[in-house]
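Colleague: First the structure, which I've put down as structure tokens, then a few questions once you've had a look.
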Amino acid sequence: MEAKAIKGELTKFIKSSMGSKNPRFNGWYAGITNNEKRRKGEHSLKNGKIVHWKCINAGTMIKANEVESYFSAKGTQNMPQPQGAKITSKWVYIFKLAKKPQGMNGLAGPLDRKTVYEYVFDE
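Each residue of the sequence shown is one higher than the last, beginning at 81 in the numbering used here.
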């Protein structure tokens with residue numbers, strides 16, 4: 081599969097997952113791997129349950145890198161490896177990052193009082 085076709089397929093996946101013709105890419109992560117099942121498991125442990133995941137065999141590491149770079153330029157997150165990619169890393173994947181906790185379990189940390197009323201009014 082050509083890199084252009086992979087970019088199109090992954091973009092279509094993001095649009096359908098988001099229900100938008102112009103989705104934001106900054107809530108997504110793109111990467112390459114030589115073992116898609118292992119990598120999905122690693123991301124699941126780090127980021128929580130992955131709901132929207134798509135992985136495509138690009139055929140070569142060069143094509144996989146091209147697709148990953150394309151999505152990185154669009155705003156997806158990724159984690160470049162200091163040693164570089166392995167030559168066997170021909171799978172390119174993308175997934176929706178889990179939402180960060182909001183409200184009382186967000187920036188202030190977990191709610192540690194009996195009720196919200198007690199928390200707000202310090203009673």
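Ideal Cβ positions, reconstructed from N, Cα and C, are used throughout, including at glycine.
Between the alpha carbons of K176 and T168, how many angstroms are there, rounded?
Modeller: Approximately 24 Å, taken between the alpha carbons.
Colleague: Does N127 come within less than 7 Å of chain C when only Cβ atoms are used?
Modeller: The structure shown contains no chain C; it holds only a single protein chain.
Colleague: Is it buried or exposed for L125, if we count other Cβ within 10 angstroms and need 16 for buried?
Modeller: Label assigned to L125: exposed.
Colleague: Taking the beta carbon of G111 as the centre, do at least 16 other beta carbons fall within 10 Å, making it buried, or is it exposed?
Modeller: Classification for G111: buried.
Colleague: Should R118 go down as buried or exposed, given a rule of 16 or more other Cβ atoms within 10 Å for buried?
Modeller: Exposed is the call here.
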